[in-house]
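Novice: Questions regarding the structure given below will be posed in turn.
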Amino acid sequence: MSTATTTAPARAPENYLNTDYSWKSWLLTIDHKRIAILYLISISFFFFVGGFFAVLMRLELLTPAGDLVQAETYNKLFTMHGLILVFFFLIPGIPGVLGNFLVPMMIGARDLAFPKLNLLSWYIFITGGLFTMYAVAAGGVDTGWTFYTPYSSTYANTHVLAVGIGVFITGFSSILTGLNFIVTIHTMRAPGMTWFRLPLFIWAHYATSIIMLLGTPVIAITVLLLALERLFHIGIFDPAIGGDPILFQHLFWFYSHPAVYIMILPAMGVISEVIACFAKKRVFGYSFVAYSSIAIAILGFFVWGHHMFVSGQSPYAALVFSILSFLVAIPSAIKVFNWTATLYQGAIALKTPMLYALGFIGVFTIGGLTGLFLACLGLDVHVHDTYFVVAHFHYVMVGGTVMAYLAGIHFWWPKMFGRMYPEFLARFAAIVVFCGFNLTFFPQFILGYMGMPRRYHAYAEEFQVLNVLSTAGASILGLGYLIPMCYLVWSLKYGEVARKNPFTARGLEWTTSSPPPTMNFEETPVVTEEAYAYHTAYLNEEDYVVR
Amino acid sequence: MSASSTPARRAQPLHAAGLAHHFEDLPQQHEAARLGMWAFLITEVMFFGGLFTGYAVYRNLYPAAFRLASHHLDVALGTTNTAVLIGSSLTMALAIREAQIGRWKPQIGYLIATMLLGATFLGIKSIEYHHKWVDHLMPGPSFDVSVFGAEGPHARIFYSFYFVMTGLHAFHMVVGLGLMAWITRRAARGDFTPGHHTALEMTGLYWHFVDLVWIFLFPLLYLIGRHG
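Keeping their order, the protein sequence lines are chains A and B.
In this note's numbering, each residue's number is its place in the first sequence (first place is 1) plus 61.
In this note's numbering, each residue's number is its place in the second sequence (first place is 1) plus 6.
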């Protein structure tokens, strides 16, 4: 408390951040915006832990010999890298941070339908994370993030159980988040917010939530069976008494393939928002983009067998899975084409979120098309379990989801914290990320095609040049991730104060102050126009004027 | 309101009684709760669905072993339990009915009856489990394969499914009993009025769902090959 009454600085109007500073007000908050911040902090932590394991792997792969770590250690490194980044960053990332913050705001609601459940899901997430971090600290786990039986159930001597419990628990966080989103989108829309006026971000999160609800319980029961197998040897996956380890793979991928759409669909939602805003155009073919999210969610449940082309499933099943995998590429392609068409004749501003979004479109297209290579039965036999697969899914997950996450974080940063990020530095970082990413993973396509198998700590000499390139790229990429980490934290205190709508964007979240008040809106908004009405004249409100 | 109407609730400023801060009105809140509960039940269907899938795969692979192993289950106790559980669903539905017409005492009575029936089910279930324990039919390496001759190892898989499926069902029953205790306390406090008894209705949905799982488990586990 200042003793002087005359020089008290002008206080920002009351918002969700400055309403209460106590620890309790954060840890027991039921405000979706504060819970989003809790997710932001925890997810950033897991991102850097998972990234740390990637650094060690890339260092080991600098030389063909296994000189930095032993084979067993390397197995643990790639397992924990995958586990932490899939279950504790990619899956909860965009829904937990941006979804939590924006779903109620975009539809004009005061909160999610079940605020306490929302807080509970964060605590469940953290509990699952603690089990996993315990396993990491106690010596790690080496089964690969896929836990294939019977290795994971019978032979592995590492902390499979603790990690399994961690994954099992954190799944319920995912289920509760999805449930909350679905109910919120159905029942909490502001007057006039019809389904086809919803921002595409909402459609994407709705589709994601469907997968979370239908898929996650299956991984829960699968991991539970694995745990029982390990604890009591119930024999369901044990070939010695007639159990079927392939059944584990079926159940695992029944969730884990749709789970890749849990990771990419919210990213696509972010890209739709960013492209429309920085092209100042309505999204081309709105309803096609909306329906393509739903189509991905549905079709995504029928393609899991493409992970098992060489696992001993029936060739006829493989044929069907191959065809269905080609089909699921169609809605993804619709999105890419429609984003591109949105850019056409748009007033394009190459701000930081847009740089990431444009990077996303290019990189995701490569990731998606190489997915089609892998859906080809013959070609998949050749490149299965090689770096080609590694490069493919990193193009989608890192080039796609992480870039979209960064696009979204920059785009909504002013709204979340009321401060602008430093534009020049952020653009520089975006370019570093793009270059570093491609230098890391493009060589891996070639390595894989040449036959370098994944998950080995040593490799043949002729692969070294490309591996050195990849490691060099990884260090650039790592730098690209550290720069935003630094300036975003810096901007919280020193960034330019953000206006209500710094990017002249459309959408309800931009009609309230930055940062928003606890109840989001002064009064419940009434929606009278479609989403992305960038083509209508509206520049009369002072806050919308571009500086 | 009838004579046994609820004790008066304290009036809350600005909001109707029981309306959370983020909803516009009670119907919206009720609608959200109902949709949320149904969505949750769908996740439960998928959760048990993984087990039913596994069961279907192995029953198809080892039909003889499953028939043989199934005949070692106690059909009399299983049938009794089915009746007990269906009875508990009836009392649950009646409790909600009483809340709808605003009768307080019978509402509490039916809720307590539901809890007693649920506890009876778990009691009978634990007697069955104990029998299997005595007969060395618990899943795991201690399973006495000699009981089933050549089909022994595959019968062990049947019993693994039996214990995992009924065990998870029993776990849901225990959770259900906890919910019932909570809801009975709220009912006794007079929380539920004919216009507003969402929590009671949601607990009822959950209870019926858990019953329904048993309705599928009972024939699949106990009645294999008994039709003729």
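Every residue gets a Cβ at the ideal spot worked out from N, C-alpha and C, and that includes glycine.
Should K85 of chain A be labelled buried (16 or more other beta-carbon atoms within 10 Å of its own) or exposed?
Specialist: Here the question's residue 85 of chain A lines up with position 24 in the first sequence. When all chains shown are included, K85 of chain A counts as exposed.
Novice: Could you work out which residues of chain B lie near I357 of chain A, taking near to mean beta carbons separated by less than 9 Å?
Specialist: Working through the first sequence from its first residue, we reach residue 357 of chain A at position 296. What I357 of chain A touches in chain B: nothing, since even the nearest Cβ is about 19 Å away.
Novice: Is it buried or exposed for H443 of chain A, if we count other Cβ within 10 angstroms and need 16 for buried?
Specialist: Indexing the first sequence from 1 puts residue 443 of chain A at position 382. It is exposed - the Cβ of H443 of chain A has fewer than 16 other Cβ atoms within 10 Å.
Novice: Taking the straight line between their C-alpha atoms, what separation do you get for I92 of chain B and M121 of chain B?
Specialist: For the purposes of this step, residue 92 of chain B is taken as residue 86 along the second sequence, with counting starting at 1. For the purposes of this step, residue 121 of chain B is taken as residue 115 along the second sequence, with counting starting at 1. Cα-Cα distance, rounded: 13 Å.
Novice: If we count the other Cβ atoms within 10 Å of its Cβ and call it buried at 16 or more, is P376 of chain A buried or exposed?
Specialist: Translated into positions along the first sequence, residue 376 of chain A becomes position 315. Flag for P376 of chain A reads exposed.
Novice: So which residues on chain A does Y68 of chain B lean against when the C-beta distance must stay under 7 Å?
Specialist: Position 62 of the second sequence, counted from the first residue, corresponds to residue 68 of chain B. Ordered by position in chain A, the residues that pass the 7 Å Cβ test against Y68 of chain B are G303.
Novice: Rank A:I230, A:E334 and A:G304 by C-alpha distance to the C-alpha of P278 of chain A and give the top, closest one.
Specialist: For this step, residue 278 of chain A is matched to residue 217 along the first sequence. The candidate whose alpha carbon is nearest that of P278 of chain A is A:I230.
Novice: Could you round the C-beta distance between T204 of chain A and Y195 of chain A to whole angstroms and report it? I think they count as a contact, below 8 Å.
Specialist: Walking along the first sequence from the start, residue 204 of chain A turns up at place 143. Walking along the first sequence from the start, residue 195 of chain A turns up at place 134. The Cβ separation is near 16 Å, so there is no contact.
Novice: From G169 of chain A to P176 of chain A, what distance separates their C-alpha atoms?
Specialist: For the purposes of this step, residue 169 of chain A is identified with residue 108 of the first sequence, where counting begins at 1. For the purposes of this step, residue 176 of chain A is identified with residue 115 of the first sequence, where counting begins at 1. Taking the straight line from one Cα to the other gives about 16 Å.
Novice: If the criterion is Cβ atoms closer than 8 Å, does the pair P327 of chain A and I155 of chain A meet it?
Specialist: Counted from its first residue, the first sequence places residue 327 of chain A at position 266. Counted from its first residue, the first sequence places residue 155 of chain A at position 94. Yes, these two residues count as a Cβ contact at 8 Å.
Novice: Count the other CB atoms, across all protein chains shown, that sit within 10 Å of the CB of N79 of chain A; report buried if there are 16 or more and exposed otherwise.
Specialist: Stepping through the first sequence from its first residue, residue 79 of chain A is reached at position 18. By the neighbour-count rule (16 or more Cβ atoms within 10 Å), N79 of chain A is not buried but exposed.
Novice: Apart from the five residues just before and just after S270 of chain A, which ones in its own chain have a Cβ nearer than 6 Å to its Cβ?
Specialist: The residue given as residue 270 of chain A occupies position 209 in the first sequence. Around S270 of chain A: G239, F242 and I243.
Novice: Anything in the stretch 221-241 of chain A with a Cβ closer than 7 Å to a Cβ of chain B? List those residues in chain order, please.
Specialist: Listed by position along the chain: I236 and L240.
Novice: Taking only beta-carbon atoms, is D172 of chain A less than 8 Å away from chain B?
Specialist: Position 111 of the first sequence, counted from the start, is the residue given in the question as residue 172 of chain A. It does; some Cβ of chain B falls within 8 Å.
Novice: Can you pull the chain A neighbours of H160 of chain B, defined as C-beta to C-beta under 9 Å?
Specialist: Residue numbering aside, residue 160 of chain B sits at position 154 when the second sequence is read from its first letter. The contacting residues are I302 and G303.
Novice: Mapping DSSP to helix, strand and coil, what is H28 of chain B?
Specialist: The residue given as residue 28 of chain B occupies position 22 in the second sequence. H28 of chain B: coil per DSSP, three-state reduction.
Novice: With DSSP as the reference, identify every bridge partner of T199 of chain B, one or two as the case may be.
Specialist: What you label residue 199 of chain B is simply residue 193 of the second sequence in a count that begins at 1. Per DSSP, B:H202.
Novice: Throw me the rounded Cβ distance for the N581 of chain A and P165 of chain A pair, which I believe falls under 8 Å.
Specialist: As a position in the first sequence, residue 581 of chain A is number 520, starting the count at 1. As a position in the first sequence, residue 165 of chain A is number 104, starting the count at 1. About 6 Å; that satisfies the 8 Å criterion.
Novice: Which residue from A:F109, A:T426 and A:F485 puts its Cα closest to that of F398 of chain A?
Specialist: Walking along the first sequence from the start, residue 398 of chain A turns up at place 337. When each option's Cα is compared against that of F398 of chain A, the closest is A:T426.
Novice: Check each candidate in A:E133, A:F262, A:F315 and A:I246 and name the one with the smallest Cα separation from I272 of chain A.
Specialist: For this step, residue 272 of chain A is matched to residue 211 along the first sequence. Of the candidates A:E133, A:F262, A:F315 and A:I246, the one whose C-alpha sits nearest the C-alpha of I272 of chain A is A:F315.
Novice: What does G52 of chain B reach in chain A if we use C-beta pairs closer than 7 Å?
Specialist: Position 46 of the second sequence holds residue 52 of chain B. One detail in the question is off: residue 52 of chain B reads as Met in this sequence, not Gly. Residues of chain A passing the Cβ test: L275, P278 and V279.
Novice: Quick one: which chain A residues come within Cβ less than 8 Å of I48 of chain B?
Specialist: Locating residue 48 of chain B in the second sequence gives position 42, counting from the first residue. What I48 of chain B touches in chain A: L274 and L275.
Novice: Specify, as a first and last residue, the run of the alpha helix (DSSP H) that E484 of chain A falls within.
Specialist: To locate residue 484 of chain A, count along the first sequence from 1; it is residue 423. Taken as a continuous stretch (DSSP letters only), the alpha helix (DSSP H) holding E484 of chain A covers E484 to M511.
Novice: Assign P586 of chain A to one of three DSSP states: helix, strand, or coil.
Specialist: For this step, residue 586 of chain A is matched to residue 525 along the first sequence. Looking at P586 of chain A - three-state DSSP - the assignment turns out to be coil, as it is neither helix nor strand.
Novice: Which residues does DSSP pair with P514 of chain A in a beta bridge?
Specialist: Residue mapping note: residue 514 of chain A aligns to position 453 of the first sequence, counting from 1. BP columns for P514 of chain A point to A:T447.
Novice: Below 8 Å on the Cβ atoms is my contact criterion, and I expect I280 of chain A with G232 of chain A to pass it. Report the Cβ-Cβ distance as a whole number of Å.
Specialist: If you number the first sequence from 1, residue 280 of chain A lands on position 219. If you number the first sequence from 1, residue 232 of chain A lands on position 171. Correct: roughly 6 Å between the Cβ atoms.
Novice: What first and last residue would you give for the alpha helix (DSSP H) that runs through T88 of chain B?
Specialist: Position 82 of the second sequence, counting from 1, holds the residue named residue 88 of chain B. It spans V81 to Q106 - the alpha helix (DSSP H) in which T88 of chain B sits, taken as one unbroken run.
Novice: Where do the N-terminal and C-terminal ends of the alpha helix (DSSP H) with K396 of chain A fall, by residue?
Specialist: In the first sequence, the residue the question calls residue 396 of chain A occupies position 335. K396 of chain A -> alpha helix (DSSP H) spans P376 to L404.
Novice: If you reduce the DSSP assignment to three classes, tell me which class R560 of chain A lands in.
Specialist: Numbered from its first residue, the first sequence carries residue 560 of chain A at position 499. It is coil, neither helix nor strand.
Novice: Just verifying my parser: in three-state terms, what is the DSSP assignment at R73 of chain B?
Specialist: Taking the first residue of the second sequence as 1, we reach residue 73 of chain B at position 67. If DSSP states are grouped into helix, strand and coil, R73 of chain B belongs with the helices.
Novice: Can you confirm whether P576 of chain A, when its beta carbon is compared against all beta carbons of chain B, has any partner nearer than 8 Å?
Specialist: As a working note, residue 576 of chain A is residue 515 in the first sequence. So, not an interface residue.
Novice: Under a Cβ-count criterion, where at least 16 other Cβ atoms within 10 Å of its own Cβ denotes burial, should Y228 of chain B be classed as buried or exposed?
Specialist: Numbered from 1 along the second sequence, position 222 holds the residue referred to as residue 228 of chain B. Y228 of chain B comes out buried.
Novice: Quickly, what does DSSP pair R480 of chain A with across the bridge? List them, please.
Specialist: Numbered from 1 along the first sequence, position 419 holds the residue referred to as residue 480 of chain A. Answer is A:V558.
Novice: Compare the Cα-Cα distances from L67 of chain B to each of B:G210, B:S166, B:H175 and B:H160 and report the closest residue.
Specialist: The residue you call residue 67 of chain B lines up with position 61 of the second sequence. Cα-wise, what sits closest to L67 of chain B is B:H160.
Novice: Decide if the stretch 329-347 of chain A is in contact with the stretch 289-302 of chain A; the criterion is three or more beta carbon pairs, one per stretch, under 8 Å apart.
Specialist: No, they do not touch.
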